[in-house]
Amino acid sequence: MVNLIINNKKISVPEETTILEAAKQNNILIPNLCYLENIHKIGSCRICVVEVEGMRNLQASCMVTVREGMKVYTNSERVKKTRNVLFELMLSDHPKDCLKCERNQKCELQKLGEQIQIKEARFEGQKSQEVMDISSPSIIRDTSKCILCRRCVTVCNEIQGVGALNPQKRGFKTQIGPAMALSLNSVNCAFCGQCTVVCPVGALVEKDATQNVWKALFDKNKRVIVQTAPAIRAALGEEFGYEPGTLVTGKMVSALRQLAFDDVFDTNFTADLTIIEEGNEFLQRVTKALTGEGATLPMITSCSPGWIKFVEHSFPEKLEHLSSCKSPHMMLGALAKSYYAEKLGMNPKDIFVVSIMPCTAKKYEIVRPEMINDGFHNVDAVLTTRELALMIKKAGIDFQALEEDSFDNPLGLSTGAADIFAVTGGVMEAALRTVYEIITGRELPFAKLHITPLVGFEQIKTAEITIKDPKEEFKFLEDFTVKIAVTSGLKGAKYLMDQIVRGESPYHFIEVMGCPGGCISGGGQPRPTTPEIRLKRLQAIYNEDESKAIRKSHENPFVETLYQDYLNEPLGHKSHELLHTHYTKRGKFNELLDE
Amino acid sequence: MYDNECECEYNHIPFVVKGEVSVALEIKCQCQCAEESDQDKYTRISEIIDEYKDKEGSLIQILHLAQGIYGHIPLELQKFIAQRLEIPLSQISGVVTFYSFFSTQPRGENTIKVCLGTACYVRGGKKILDQLIELLKVQVGDTTADGKFTLEVMRCIGACGLAPAISINDEVYKQVNPDKLQSILKEFGEVKK
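Pasting the structure below:
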């Protein structure tokens, strides 16, 4: 432990603690802006400067670690003056049109203003060059609002390993963006949206889809179907004052009804369906591999469109490892405009499907040319969790006062296996709950059905399951050990892909989620997503799973009905047409590669 | 290394400069390097990358040598280097656009640098720069349409006693004024009106 004095208060903290953290642990708040716990610490904004006795210059408290006997002043006249000037300079190059900014009331620069309390903004200097990049279907980049904190650079490069964003030019001309003023849509951006979660201001935000959704809702001739991803229910509450980790499934459904959506369906339903299709695809691949027919293994999950775009750019020669399953919300969209449209006796052109997703890459996924059936886009609009909250607020709905409601059928019932699609390790666990039972006729042998080594936030998690005493038709799998790996965040995915490229991958089945921790901390989720908040969302998801009477996808009665009435069999002709897809080789610099 | 040295491996300096008001003699480099194809240039850059690849922090060195071979570092060359070094393109471009030494545009036959250090600035360096922008019809950092001149600024070259100073191809011209500027430029051929 190190003893030091901050503002005349004697404190004692572990070695290697920064002054900022030491102060925070002792309830002394040092204003800061660019700092992001455990993720980003470069001292670029200088707002957190403090005076340290014996040191000539003010020190960035997020960078300097404590020393024995240190005397720190966080509120001296010199510190306050400096902080004010820094803040005023920052404002001098900021548009200050807060009332029409998406981050209004949720902006870290505004919050900082509340703490620093300047009385006048003395500097009206030059403004830096304004670049408005609306090229991508997912993310909007507005450099006029950028404060050059470089948080997005850290997540894009060090956490995700994508490297689409980096500082360009220097000094006052510095801009954070892709190489050579290229647009986001013309580089290898995965559209994961992690940059939009950490951006303290409105410089990186999702592309607005609320306008299109309002328009559809006001259109009397449209049947507007909404579906919600598993991760929404564990995070949406945060936008309405609930503690992180509060499940708001029922209120969310009520709110969607009040917004006048005609059908409120659950992406969880098609998560169950995904498990049937993907589980059977895996079983088919393993069978082919073991019976000498040959098949590409490991098979890798395909639910995360950010991951898909990443692998298309980075490993275009390895796309055959991906499961051919569309992601669950695309499956639901495809079924809504075929199966459900037939049931209603409606023309699919009059159906408008909206997906509420924790994800910005899903906005891009719906415009992929592969996601069109019979000339209709499977899904017409994607709203992030944050955008849904904005719509609920705009409609004047008092969220906390809402009654609990439940999803519509036939595309609304789901099992616990579908809930855990929201967290890293969940898709794998859900798939194995079903596949293991198909092979052996017995339940997956884990307490509460959770594959313990796959639960948690480690970057790469692995497990092995040996098959004993299978059913007659799977005798060839006796003593076969299924090796699985799970990763979340694109850096871990790259590691596992590099293994495959080198021919050293020991695995049969890999789950990849593009965002660290899975969809619960997706690019479209409420800000902030701290490690504690992420953990609470994870616990909420496992609670939702355990609270369900049915917890295995193949036991979902409406999935069974769907196969009987419409799809006939897993991996059948109809499934392939509606529920499966193919991928595009893209290359590192977004150049289209020859097929 | 000079901006105007020949792009061959011997680093020939094609211009020889003498005299009080410098005269760039028309002595072209005798080697055949100028004939080198893009493909050969890329091969040489590739060899350099192999040599430096595993040394940490060698990106600037690689870019420096690559610019020496190729003359400038356009997007395509940046992509090539990014691919070979397995680092993001945006990072390469970040470095290229950070340092004024690197250029993403083809450079002119001659590089004019105007000193805007304190002494030169107060003695009219800025006016010289404005005049050059007008005469050459280019902005700072750009190259004339005919490929003859690239215009740049620099901060103090330690020739404050000669202010305002400019340099063309690293030869310094002292106490420049508008009339003198016209005659200096004439040495390099007519400036189009």
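Keeping their order, the protein sequence lines are chains A and B.
The numbers in our numbering rise by one with no breaks, and the one at position 291 of the first sequence is 291.
Just so we're on the same page, our numbering is the position in the second sequence counted from 1, plus 595.
For each residue, glycine too, the CB sits at the ideal point set by N, CA and C.
All values derive from a computational prediction rather than experimental measurement.
Spell out the partners DSSP gives residue i in its beta bridges.
i, result
"Asn373 of chain A", "A:Phe376"
"Cys710 of chain B", "B:Met749"
"Met357 of chain A", "A:Thr384"
"Arg223 of chain A", "A:Ile351"
"Cys48 of chain A", "According to DSSP, Cys48 of chain A bridges with nothing at all."
"Asn3 of chain A", "A:Ser12"
"Asp133 of chain A", "A:Arg141"
"Met70 of chain A", "A:Leu4"
"Thr18 of chain A", "A:Thr65"
"Glu464 of chain A", "A:Lys483"
"Gln265 of chain A", "Note that residue 265 of chain A is Phe in the sequence shown, not Gln. DSSP output for Phe265 of chain A lists A:Gln227 as bridge partner(s)."
Could you name the residues of chain A that residue i contacts, counting a contact when the two beta carbons are closer than 8 Å?
i, result
"Thr738 of chain B", "None at all; the shortest Cβ gap to chain A is about 17 Å."
"Thr699 of chain B", "Met180"
Run the CB neighbour count on residue i, radius 10 Å, all protein chains shown included, and call it buried at 16 or more, exposed below.
i, result
"Ser617 of chain B", "The predicted position of Ser617 of chain B is uncertain, since its pLDDT is 35 and thus under 50; a value taken from the coordinates is nonetheless stated next. With 16 or more other Cβ atoms within 10 Å, it is buried."
"Leu684 of chain B", "buried"
"Pro328 of chain A", "buried"
"Gly345 of chain A", "exposed"
"Lys494 of chain A", "buried"
"Tyr665 of chain B", "buried"
"Met330 of chain A", "buried"
"Ala549 of chain A", "exposed"
"Gln627 of chain B", "Low confidence applies to Gln627 of chain B: its pLDDT is 49, below 50, so where it sits in the model is not reliable, and the reading given next is rough at best. Counting Cβ neighbours within 10 Å, Gln627 of chain B comes out exposed, since fewer than 16 surround it."
"Thr581 of chain A", "buried"
"Ser575 of chain A", "buried"
"Pro167 of chain A", "buried"
"Gln227 of chain A", "buried"
"Ile676 of chain B", "buried"
"Lys623 of chain B", "No answer about Lys623 of chain B holds up, because its pLDDT of 43 lies below 50 and its placement is not dependable."
"Arg83 of chain A", "buried"
"His573 of chain A", "exposed"
"Glu420 of chain A", "In the sequence as presented, Glu is not what sits at residue 420 of chain A; that position holds Ile. Per the 10 Å Cβ criterion, buried."
"Asp498 of chain A", "exposed"
"Asn8 of chain A", "exposed"
"Pro200 of chain A", "buried"
"Gly279 of chain A", "buried"
"Ile668 of chain B", "buried"
Find the residues of chain B that neighbour residue i, judging by a C-beta separation of less than 8 Å, and give them in chain order.
i, result
"Gly163 of chain A", "Ile682, Pro683, Leu684, Ser685, Gln686"
Listing by chain order, which chain B residues have their CB less than 7 Å from the CB of residue i?
i, result
"Gln680 of chain A", "Nothing can be reported for residue 680 of chain A: it is not among the residues displayed for chain A, which extend from 1 to 595."
"Pro596 of chain A", "In the structure as shown, chain A begins at 1 and stops at 595. Residue 596 of chain A is therefore absent and cannot be evaluated."
Under 9 Å Cβ-Cβ, which residues of chain A neighbour residue i?
i, result
"Leu757 of chain B", "By Cβ distance, chain A contributes nothing, its closest Cβ being about 28 Å from Leu757 of chain B, past 9 Å."
"Gln770 of chain B", "Within chain A, no residue comes near Gln770 of chain B; the closest Cβ sits about 30 Å away, beyond 9 Å."
"Gln678 of chain B", "Lys588, Phe589"
Give the residues of chain A in contact with residue i, contact being defined as C-beta atoms less than 7 Å apart.
i, result
"Lys674 of chain B", "Phe589"
"Leu711 of chain B", "What Leu711 of chain B touches in chain A: nothing, since even the nearest Cβ is about 15 Å away."
"Leu654 of chain B", "Going along chain A, no residue has its Cβ under 7 Å from Leu654 of chain B, so there is no contact; the nearest lies around 12 Å."
"Leu746 of chain B", "Those within 7 Å of Leu746 of chain B in chain A number zero; the least Cβ separation is about 18 Å."
Cβ-heavy atom distance between residue i and the ligand FMN below 8 Å?
i, result
"Thr415 of chain A", "Looking for the ligand FMN in the displayed structure turns up nothing, as the structure carries no ligands at all."
Mind listing the chain B neighbours of residue i? Cutoff is C-beta to C-beta under 9 Å, in chain order.
i, result
"Phe157 of chain A", "Sequence inspection shows Asn at residue 157 of chain A; the Phe mentioned does not correspond to that position. Within chain B, the residues near Asn157 of chain A are Pro683, Ser685, Gln686."
task: Check whether the stretch 319-338 of chain A touches the stretch 295-302 of chain A, counting contact only when three or more Cβ pairs, one atom from each stretch, lie closer than 8 Å.
output: yes
task: List in chain order: all unbroken beta strand (DSSP E) runs of 3+ residues lying wholly within the stretch 668-750 of chain B.
output: 705-710, 744-749
- request: Tell me, please, whether the stretch 136-150 of chain A touches the stretch 166-183 of chain A by the rule of three or more beta-carbon pairs shorter than 8 Å.
  value: yes
field: Cβ contact (3+ pairs, closer than 8 Å) linking the stretch 26-36 of chain A and the stretch 94-113 of chain A
entry: yes
message: Three Cβ pairs or more, each shorter than 8 Å: is that satisfied between the stretch 391-409 of chain A and the stretch 452-462 of chain A?
response: no
field: Meets three-Cβ-pair contact criterion under 8 Å: the stretch 349-359 of chain A and the stretch 373-386 of chain A
entry: yes
query: For the stretch 734-742 of chain B against the stretch 696-713 of chain B, are there 3 or more C-beta pairs whose distance is under 8 Å?
result: yes
message: Using a Cβ distance threshold of 8 Å, determine whether the stretch 202-212 of chain A contacts the stretch 226-244 of chain A, with at least three qualifying pairs required.
response: no
message: My parser needs the alpha helix (DSSP H) runs of 4 or more residues fully inside the stretch 195-250 of chain A; what are they?
response: 210-218
query: Hey, which unbroken runs of the beta strand (DSSP E) at 3 residues or more fall wholly within the stretch 485-547 of chain A?
result: 509-513
task: Pick out the complete alpha helix (DSSP H) segments inside the stretch 282-321 of chain A, 4 residues or longer, and give them in chain order.
output: 305-314
message: Measuring CB atoms only, is the stretch 253-269 of chain A touching the stretch 213-228 of chain A, in the sense that at least three cross pairs come out at less than 8 Å?
response: yes
message: Taking contact to mean 3 or more Cβ pairs, one atom from each stretch, closer than 8 Å, check whether the stretch 510-517 of chain A and the stretch 336-344 of chain A are in contact.
response: no
task: Inspect the CB distances between the stretch 284-299 of chain A and the stretch 261-269 of chain A and report whether three or more fall short of 8 Å.
output: no
field: At least three beta-carbon pairs within less than 8 Å, the stretch 353-367 of chain A to the stretch 379-386 of chain A
entry: yes
query: Counting only runs that start and end within the stretch 390-468 of chain A, where is the beta strand (DSSP E) found for 3 or more residues in a row?
result: 460-466
Inter-stretch contact (C-beta, 8 Å, three-pair minimum) for the stretch 93-106 of chain A and the stretch 62-80 of chain A: no
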